[in-house]
Structure formats: C-alpha cells, structure tokens
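So the sequence shown is numbered by this note's numbering: it starts at 2 and just counts up by one.
Scroll down for the structure; my scribbles are underneath it.
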Amino acid sequence: MAKMALPGLERSVFDFLENVRIHNNREWFNEHKSVYQQQLGIVEAFAEGLLQKMNEHDVIETPSGKQSLYRIYRDTRFSTDKTPYKTHFSGSFKRATKQRRGGYYFQIEKGNTFLGGGFWGPVPADLKLIRDEIAFDDAPLRKILAAKSFVSMFGTLQGEQLKTAPKGYPNDHPAIDLLRHKQFIVRRRFTDEEVLRPGFPDEANKTFKAMRPFFDYMSEVLTSDGNGA
C-alpha cells in the first residue's frame, strides 16, 4: 500500500497572509472572513498531519492540530503597533508529562517561515539547573551542538544572552559562551519554495525529530534534583 502524503500548504496561504499585511484593518478582514477560514483550514490540516507523525516518535499532549494554532488576532494593548492582525499563522506542540521538556513551534509566513524548539523563558530555578550542569560539565551539550546532523539542520544554539557572566559564575569559565544564555533555542528557516513542496510536512516532522537529542539532554537536567537523582 502506498504511503499517504501528509496535507501540505498551498500558495493561497501565502497570498492571503500577504494581503493581510497590505490591508491590515478590521473592515478588510471582515470582508474576507470566508477566505481566512479557507486558509485556516489548510493550516489546520497541515498541523494535524504533522501532529500525527510527531506522535510516532514523541508523546505530545496537544490534542489536535487545530488546538495547536495561535489566534491571528494581535493583542495590541501594550504595543505601539496597533495593526489588528498577525501576518503569519503559527502554532506549538507541547510534550506530555513533566519528564519531557522542550516545546515545538512553527510559523508560516511569506519570506519568514521557520520551525523552532527549546526553552524560551526558563523559570529561575530551571535556568540555574541548566547553568549548574553546564558549569560542571559542558561536554555532553557541546557534543550534541557539534553533531553534524545538528549543525546541518540548525546551525548553532540561539536565544537571548547576557552580555556578561551570570551571577555566581566566573567571567573566565571555559563554558561562559553557554552560561550567558537566558534562552536555549534551535531554529530552522525555510524558503517559500521549500514550504510549498509536497514533502514539506515530512521535512517539518524530520526537523522536529532532530531536536530530540537536545530535548532529551535538557529533560534529564531539568528533572533531576541537582544531585543526579
């Protein structure tokens, strides 16, 4: 039996988002609500197919592709940018149980599509656990980050960093480049042409699967008691 292709994304999704960028106002959006619903349906089907594939190699507690998606409506209360709509579709998948750490994120946008994962805002206790482990022995994490498969897929570890050493760690620590991280993020970007290829959903699944060594390392660090137990 031939393998069924996962639902992909269509050029109409990019076309709609580009029109949102040009006509970012409620009147235009309400007039084109049916077009929005059509394109949202395409993205929901893509997310649902991706979720099913991901559950073959991970355990995701996000119940459906539809429920993985974020609203297209912007929260403008505290922003100087008062445009009411995002110019992208995005969503995330949450790994199940406290033993599985790390989150998956996808953003579909003309000229700015990417898949990401990691730790956007670790609470202080988690950040200390990560830094203490790196300070004690940075070799396991460096091995993951230096693996050919990781470098070809994601390049380098990304995320916001301190300009100086965090409190409690010396400036000349050999792992200071890792210790300065406040976020621990991996990201892979895609061209519009890559997104529209029939194989993009499989490539997206492959990308998320490639994050697992990084997630597994972090999960072990964050679910220990600080003494390796």
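Backbone N, C-alpha and C fix where the C-beta goes; we use that ideal spot for every residue, glycine too.
When G119, L179, N206 and L52 are compared, the shortest CA-CA separation from A140 is found for L179. Taking M154 as the centre and dropping the five residues before and after it, the same chain places the C-beta of R189, T208 and A211 closer than 7 Å to its C-beta, in chain order. For R101, no alpha helix (DSSP H) segment is defined, and its DSSP state is neither H nor E. If you look at R27, you'll find it in the alpha helix (DSSP H) that goes R27 to E32. Assigned with DSSP and collapsed to three states, T114 falls in strand. As DSSP reads the structure, I61 sits in a beta bridge with R96. Look at V124 here: in three-state DSSP terms it is coil, with no helix or strand label. Taking 8 Å as the cut-off, the Cβ atoms of P85 and N20 do not count as close. With a contact defined as Cβ atoms closer than 8 Å, R101 and V152 miss out at about 24 Å.
Residue state for Y74 is assigned as strand, using DSSP reduced to three classes. Classified as buried, G66 has 16 or more neighbouring CB atoms from the shown chains inside 10 Å of its CB.
Contact between G103 and S220 is confirmed by a C-beta separation of about 7 Å, below the 8 Å threshold. Annotated as proximal: V222 and E134, with beta-carbon spacing under 8 Å. Contact annotation, P202 with F47: C-beta distance approximately 6 Å; criterion of less than 8 Å satisfied. The C-alpha of D138 is placed about 34 Å away from the C-alpha of G92. The C-beta separation of I43 from L10 comes to about 6 Å, placing the pair in contact by the 8 Å criterion.
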